[in-house]
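Residue numbers (our numbering): 2 to 228. Each residue gets a CB set at the ideal place from its N, CA and C atoms; glycine is no exception. Remember, it's a predicted structure, so these values are computed and weren't measured experimentally.
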């Protein structure tokens, strides 16, 4: 039964990444474009080294997939790469090769705005340093990529998007130019309605990942923080 669950998740992630979106109108926005009081996740209070895969934080479910499969031990809470203009430890950081890795965010309700500070291990301008793939339930609604620039040393910035179609899930791949990424200060703004479907999907995902977490193999930790 476990293998059937794994295969189903593999097919689902591939579908989410490849299915044609509904072509919502997406607009890049900055952190100042979110309303006052919008939830901000700064990951304070989480233990250093805590695995991000399958972790629910302030009602938001975080999952990590590598080549379409949920994987433990490759994205954790840490202090790397150190403070940037948009990263302040503790933050989410990858500790493994980024090839085929995506961070999956399931929000507790439908929203129309979403964003986060990010950095990758590079010191150059990088096109598509991070990409936001938005979904409503399992329906892709659009994708938007962001060019990263030195911020002030590591490449990064703030990736924010506003959509005319509400969504409750985001899949975030990062450029493998630097083979590592960091995420912090994730923010989102609710739309006019609450998505019962979104809440149901989060509870289902938590149950599935709790089962898979027992079997997942932890990768060897590699610290890339700025010295």
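Closest residue to residue i among the options (Cα-Cα distance)
i, options, result
"residue 78", "191, 186, 190", "186"
"residue 47", "40, 39, 190, 56", "56"
"residue 154", "181, 122, 131", "122"
"residue 68", "174, 43, 139, 27", "174"
"residue 70", "82, 105, 184", "105"
"residue 50", "84, 86, 27, 91", "91"
"residue 86", "120, 64, 143, 100", "120"
"residue 33", "59, 148, 142, 116", "116"
"residue 161", "152, 183, 24, 132", "132"
"residue 281", "107, 27, 99, 42", "Any answer about residue 281 is impossible in this case: the structure gives the chain only from 2 up to 228."
"residue 190", "28, 53, 36", "36"
"residue 135", "184, 107, 63", "107"
"residue 45", "39, 38, 58, 54", "58"
Whole-number beta carbon distance between residue j and residue i, since they are thought to touch under 8 Å
i, j, result
"residue 230", "residue 156", "The chain is shown only over 2 to 228; residue 230 falls outside these bounds and no answer can be derived."
Beta carbon of residue i nearer than 8 Å to that of residue j
i, j, result
"residue 83", "residue 94", "no"
"residue 103", "residue 172", "yes"
"residue 75", "residue 96", "yes"
"residue 158", "residue 126", "no"
"residue 60", "residue 109", "yes"
"residue 164", "residue 143", "yes"
Identified DSSP bridge partners for residue i
i, result
"residue 173", "104"
"residue 184", "93, 119"
"residue 178", "Per DSSP, none; premise fails for residue 178."
Please go through the segment 24-81 and give each complete beta strand (DSSP E) segment of 3 or more residues, from N-terminal end onward.
Qualifying beta strand (DSSP E) stretches, in chain order: 27-29, 56-58, 61-67, 76-79.
Segments of 3+ residues assigned as beta strand (DSSP E) that fall wholly inside the segment 117-169
127-137, 140-151
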